[in-house]
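In order, the protein sequence lines correspond to chains A and B.
Residue numbers for the first sequence follow the numbering used here, beginning at 10 and rising by one.
Residue numbers for the second sequence follow the numbering used here, beginning at 1331 and rising by one.
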Amino acid sequence: MAERKLLFEHTHDPAFRTLDGYKATGGYQALEKAIKMDRQAVIDEVKASGLRGRGGAGFPTWIKWNGIPKDKKTTHYVLCNADEGEPGTFKDKQLMETCPFLLVEGMTIAGHATNADQGFIYIRGEFIDAARALRSAIDEAYAAGLLGKNIMGTGWNFDLDIHLGAGSYECGEESALMSSLMGERGMPRLKFPHAPLPTVAGLWERPTLINNVETYCCAPFIIKNGGEWYASLGASTKNSRGTKIFSVSGHVNKPGNFEIEFGTPLKELLEMAGGVKGGKLKACVPGGSSVPIITAEDVDRAIIGYEEMSEVKSMVGSGGCMFLNEHTCIVTFIWRTALFYANESCGKCTPCREGTRWMLQILDRIRRGNGQKGDIELLKDICSQIDGRSFCGLGDAAAWPVAAALRVFPHEFEYFIENGKSMVESEPTLAMAP
Amino acid sequence: MAAAVQIETVNITINDIEIAVPKGELIVEAVKRLGLEIPIFCYHPRMKPVGMCRMCIVEVGFKQPDGTVRKMPKPQAACTLPASEGMAVYTDTEMVHRDRKGVLEFLLINHPLDCPICDRGGECPLQNNTLFYGPSTSRYVELKRHAPKAFPLSKYVTLDLERCIQCGRCVRFTEEISGDSELAFRFRGANMQPSTFELRDFESKFSGNVIEICPVGALTSAKYRFRARPWDLETKPAVCTVCSNGCNVWFDYRVGKMVRINGRTNEGVNEEWTCDKGKFGHEFYNSEDRLLTPLVREGDQLVPTDWARVYSDVIRAFANGGDKVAALGGAANSNEDVFMLNRLMTGIFGTKNLDHRFERNLVTGVGEKLGVSEVQSTIASLEDAPSMLVFGTSLADELPIVFLRVRKAWFKNGAKVVVAHHAPTDADSFAEVILRYKEGTEAAVASGLLSLLVSAGKAQVPAATADAIKPFTPEHVEQLSGVPAEKLRVAAELLEGAPIITTRSMYNQASGVDALEALAGLAMVTNGKFNCYSLQANAEGATLLGTKEGMHTHQILNAAAAGELKALWLVNVDPFALYPDRELVQQALENVEFLAVQGTVASEAMHYASVVLPQCAPAEMDGTYTNVERRVQRMRPVLKPKGSTKPGWNIFSEIAVRLRPATPFFNPGEVMAEIAKENPAFEGATYDKLPAEGFVIR
Ligand SMILES: Cc1cc2nc3c(=O)[nH]c(=O)nc-3n(C[C@H](O)[C@H](O)[C@H](O)COP(=O)(O)O)c2cc1C
Ligand code: SF4
Ligand code: SF4
Ligand code: FES
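Shown next, in the form of structure tokens:
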């Protein structure tokens, strides 16, 4: 299989970033169609498409859309998670920079389906170019009556605005994102069943739909071509439909974003990225830094799909796929990952706040040649004391990579602890240093 | 009365025991119904649950239609989980025990474990939970997090950051309860720490509370730090007498010395909070300035003497004094004290010149004049008021605990609060409308509100009143006071049924009496509640038990200044501090022939004293105090009277007995029985009937 450019069909066409150019390729036909459809019919189309959230968890998108109260009593919000903080993931960045109207149209469709009044795009603070592209797309859409008052003459009003984050990975977690957007400290909020779902009480306690950039960008294609057509993509997989953009990085010859159909073998993704660079393939982190690491053998047999990836005990995640060659020291790689999570823990809950720091300290000690007997068991214990015990997913995300590396590459840790140095002959430490 | 609200219940199981609990009750509370306890750190029942510490983790499942239980894959925090139908909670599984150990291990890795020198040691939730649920050793060999050991957040609160477990209780207290939002977390992850904004002083009127709710020894009292270990302390229930709120507190003392005041729960009064004035305001107990022996003047010196001498001097000066003698004060004394003082002055010395009120224009109370009560709302009832008017007072300063209730009414129940004052107040932060008037125009603003309601036809008032308030149209009031007419209109709309809260300091304002009359009238036309709250510990009791017939304070001071008084008795009061006209006070004290000063600590008035009668401090005697809402509360002796000090009632009764032999009262309980005989309102306050939470006179 090769790339299947759906969202990215016009990514290299600068005209696509203007309203005229976007419309010339069929842009806004979907909104025109959707806006004449019954709200429920739009949601049913998304249901038929089998679309699942592209932000990492793969949650069925239509269930969220359908969860917004049908009888409108107050303001409804549509929120886009454009914080893209997961190390290894950079697909939303390219989408926003090169296809801003896809997101704007997709969110407008979602706004119609959920009878929303206001949309917000929460953009990672460093993404200045993405914010600029979106700003100009939104301005053009307003000028053309595609946002704001009386959209397409239907009498429906929908505003869309952007907000830049301030540099916290945790603010990509949906409830922390809402705290941050509301002007509070970027810490997560209580979740169901401890509190109502965001679709009932999200931003300012009002019904709020939150999806990832890529998720919204799929909506125009689903409406234009029908959910059934969309579902025909990726039909070979158990339950993953459509295309998925993977951000391929690490030891490959041609790093970048690649859009593929679900069901594509992982090794083909590696081929698209020009194959491994600088040696043989050793390992792969297929879905962003938080998903479990897999071996080269697993890469050979892995099929890209939400369920399929669990065959190799890993996940599609957010699509941040890192390939590592044989000269990579796994201990150092995991130390660097742990450093990221310790830095990004928000501090709200005990297991993540204390556990991420502790793991980092142990890995750091091992890396400096001072590992001691029992460290591996201790690390495993700490992982299990964090995983599922933390307040939000960041704790889990911090524990999984460590636990997986200990499971898949135990010998590298044992060697490092016993000999005070890496079993990989190279200068990995420098290459990995922050 | 509406029919009792039916509370919807749900059926849940806790460790397989079936129980019905109110729908939505937090599991951490629900388990208490079975006598179980779930360990906690961050959860505090008076604040919103946050689920930060993860100490309270339990396993949770849901009953399936086939009767089996499907467990949730992850354990859940019990402090944030509302009970719902079919929920199955397990507090005693292997997973729960393992996870508690895990959380405690995490909390302890960066804890300094300096328990042997920590104020909290011995009464520390972290110690206790570790003992019951924690690991016995630590596997942590890395470098601990270090921070300054004694960072002064304010003059009262010292932060030991190393001990902090980041539970957020202190931060949430300032956000949710005191409302000053003085504390917040800064930095993130393992570096997260509670802090003031830019490390400025922790400026709160309620900062002391965070010391108590901190589950470790991170927030310590600058005054108590390293002064005692909890197990060396003796603790007795007491009532704070610093102001009229009458907060229930614990007095902690060590070898006869007061070392610490903590909040004691009384849902009707202070819930469990204290204000800083109260918590840190009992230093006079140990003060160098305590009066310990009777003193008598010899030339320009006061020299120690014995009680017999001062008694005979007082008797010589006051006996058969009639109109030529007077007494001032008593608002800080117990009910029993003021009752006996009253008896002595009126019954034996034959004078009605007796007043405890130092507000300049307070001659006849407005309530008395209009035939309405000046205390119509209990503190707790404010919580349920949909709207309120706080008039002419910086409530957080004058009545801190009433302030907390008013804020709670807004924070929890969305009460709409109208705040009228000449200066910014803490209540402005949550006010629905702020009426900022020029000082001195209180009467115009109050009359304007009344006028609006009367002209809107909301109520009838006597013709005279109607005429008097007619000129006060919103526009005219705006001219006079600077309050925008529109704001006045908006405020008036909110006042139906609203409690009106003002204080006796209003009587110090030139137009205060008129303002109070308008406010009392306002309460009548809106079916609201008029409250002109008193300010000293027992001002309310002194008002109820005092005489209203003789000269009042203003007249007494004038008479003394004019040399018309033979003898004056200052009862536990510093007129220089309370009376607005300092010069008059000075003249009065200089020109009175005989001045008896009775008190607990040295005061300025002593310069003029002929004799000094040392009275013991409240916690050194038995007695009752009537607080702001007319709740009579008993303070039992905690400490022994210092030196040869005596309780006030005892002093008065010993003098009375010398002049008119009779069986004296042997204890304040007998005095209260006598009070109740003369004032049936106090019937419920006799010592055998008085409940622990006090008795509210209606
Ligand atoms: C620590 C953490 C960080 C996250 N960061 C992001 C992010 O940067 N972008 C994103 O789309 N989702 C992120 N998520 C997932 C979101 O919480 C949420 O699941 C997602 O926005 C839902 O959108 P979707 O249904 O379209 O995938 C993060 C989750 C966690 C726990
Ligand atoms: S797991 Fe806990 S500390 Fe970590 S980011 Fe989430 S809430 Fe914050
Ligand atoms: S100082 Fe005390 S109350 Fe505040 S967060 Fe730390 S442990 Fe909690
Ligand atoms: S007590 Fe429940 S999480 Fe802290």
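Backbone N, C-alpha and C define an ideal beta-carbon position, used for all residues, glycine too.
C-beta contact flag for residue i and residue j at 8 Å
i          : j          : result
Leu1296(B) : Ala1935(B) : Outside the shown range of chain B (1331 to 2028) lies residue 1296(B), about which nothing can therefore be said.
Thr208(A)  : Gly76(A)   : yes
Thr1954(B) : Asn1665(B) : yes
Val1732(B) : Asn1575(B) : yes
Arg1430(B) : Ile1387(B) : yes
Leu1625(B) : Ala1548(B) : no
Gly251(A)  : Leu60(A)   : yes
Ala282(A)  : Val257(A)  : yes
Leu1434(B) : Gly1464(B) : yes
Gly328(A)  : Lys253(A)  : yes
Ser177(A)  : Gly195(A)  : yes
Cys108(A)  : Cys180(A)  : no
Gly1391(B) : Arg1400(B) : yes
Nearest-angstrom Cα separation, counted from residue j out to residue i
i          : j          : result
His1937(B) : Val1903(B) : 14 Å
Pro437(A)  : Cys338(A)  : Residue confidence is low: Pro437(A) scores 48 on pLDDT, short of 50, so the model does not pin down where it sits. No coordinate-derived value is stated.
Gly174(A)  : Arg1594(B) : 45 Å
Gly272(A)  : Cys330(A)  : 16 Å
Leu199(A)  : Ser1511(B) : 21 Å
Glu1913(B) : Gly1598(B) : 41 Å
Asn1345(B) : Cys1409(B) : 17 Å
Ile1645(B) : Gly1880(B) : 20 Å
Thr1571(B) : Leu1780(B) : 35 Å
Gly94(A)   : Leu415(A)  : 24 Å
Ala442(A)  : Ser1484(B) : With a pLDDT of 43 at Ala442(A), under the threshold of 50, the predicted position of this residue should be treated as unreliable, though the coordinate-derived value follows. Going by the C-alpha atoms only, they are around 42 Å apart.
Phe422(A)  : Thr246(A)  : 35 Å
Pro1560(B) : Asp1582(B) : 9 Å
Thr117(A)  : Val411(A)  : 40 Å
Phe25(A)   : Gly128(A)  : 22 Å
Ala1332(B) : Trp74(A)   : Residue placement at Ala1332(B) is poorly supported in this model, since its pLDDT is 48, which falls under 50; the coordinates are not used for a value here.
Gly1778(B) : Asn1743(B) : 28 Å
Leu439(A)  : Arg345(A)  : Its pLDDT being 46, under 50, Leu439(A) is placed unreliably by the model, and the measurement read from it follows with that caveat. Approximately 11 Å between the Cα atoms of the pair.
Integer-rounded CB distance, given that residue j should sit under 8 Å from residue i
i          : j          : result
Leu1824(B) : Ser1717(B) : 5 Å
Ser1841(B) : Gly1770(B) : 6 Å
Val294(A)  : Phe425(A)  : At roughly 19 Å, the Cβ-Cβ gap does not stay under 8 Å, so Val294(A) and Phe425(A) are not in contact.
Glu1816(B) : Val1958(B) : Contact doesn't hold; Cβ gap of about 33 Å is too wide.
Val1419(B) : Ile1357(B) : 6 Å
Ala1647(B) : Lys1896(B) : 7 Å
Phe332(A)  : His260(A)  : 6 Å
Asp53(A)   : His85(A)   : Not a contact, Cβ separation roughly 19 Å.
Gly1858(B) : Ile1830(B) : 6 Å
Thr1488(B) : Gly1538(B) : About 12 Å separates the two Cβ atoms, so there is no contact after all.
Extent of the continuous alpha helix (DSSP H) run through residue i
i          : result
Arg250(A)  : Taken as a continuous stretch (DSSP letters only), Arg250(A) belongs to no alpha helix (DSSP H), as it is neither H nor E.
Asp405(A)  : Gly402 to Val417
Cys361(A)  : Thr359 to Arg376
Tyr1420(B) : Run containing Tyr1420(B): none in the alpha helix (DSSP H); it sits in the beta strand (DSSP E), Met1417 to Tyr1420.
Leu1500(B) : Reading off the sequence shown, one finds Cys at residue 1500(B), where the question assumed Leu. Looking at the DSSP string, the run of the alpha helix (DSSP H) that includes Cys1500(B) is Arg1499 to Arg1502.
Gln1809(B) : Pro1804 to Ser1811
Trp1561(B) : Note, Trp1561(B): premise wrong, no alpha helix (DSSP H); not H, not E.
Pro1524(B) : No alpha helix (DSSP H) contains Pro1524(B), which is instead part of the beta strand (DSSP E) from Gln1523 to Thr1526.
N- and C-terminal bounds of the beta strand (DSSP E) containing residue i
i          : result
Arg1834(B) : That residue, Arg1834(B), is in no beta strand (DSSP E); it is neither H nor E in DSSP.
Val294(A)  : Leu290 to Val294
Tyr1863(B) : Lys1859 to Tyr1863
Arg1961(B) : Arg1961 to Met1965
Thr1795(B) : First-last for Thr1795(B): Ala1793 to Ile1799, but that is the alpha helix (DSSP H), not the beta strand (DSSP E).
Any non-hydrogen atom of ligand 6 within 7 Å of residue i CB
i          : result
Gly1701(B) : Ligand 6 is absent from the structure shown, which contains only ligand 1, ligand 2, ligand 3 and ligand 4.
Task: Inter-stretch contact at 8 Å, needing at least 3 Cβ pairs: the segment 225–242 of chain A / the segment 137–157 of chain A - done: no
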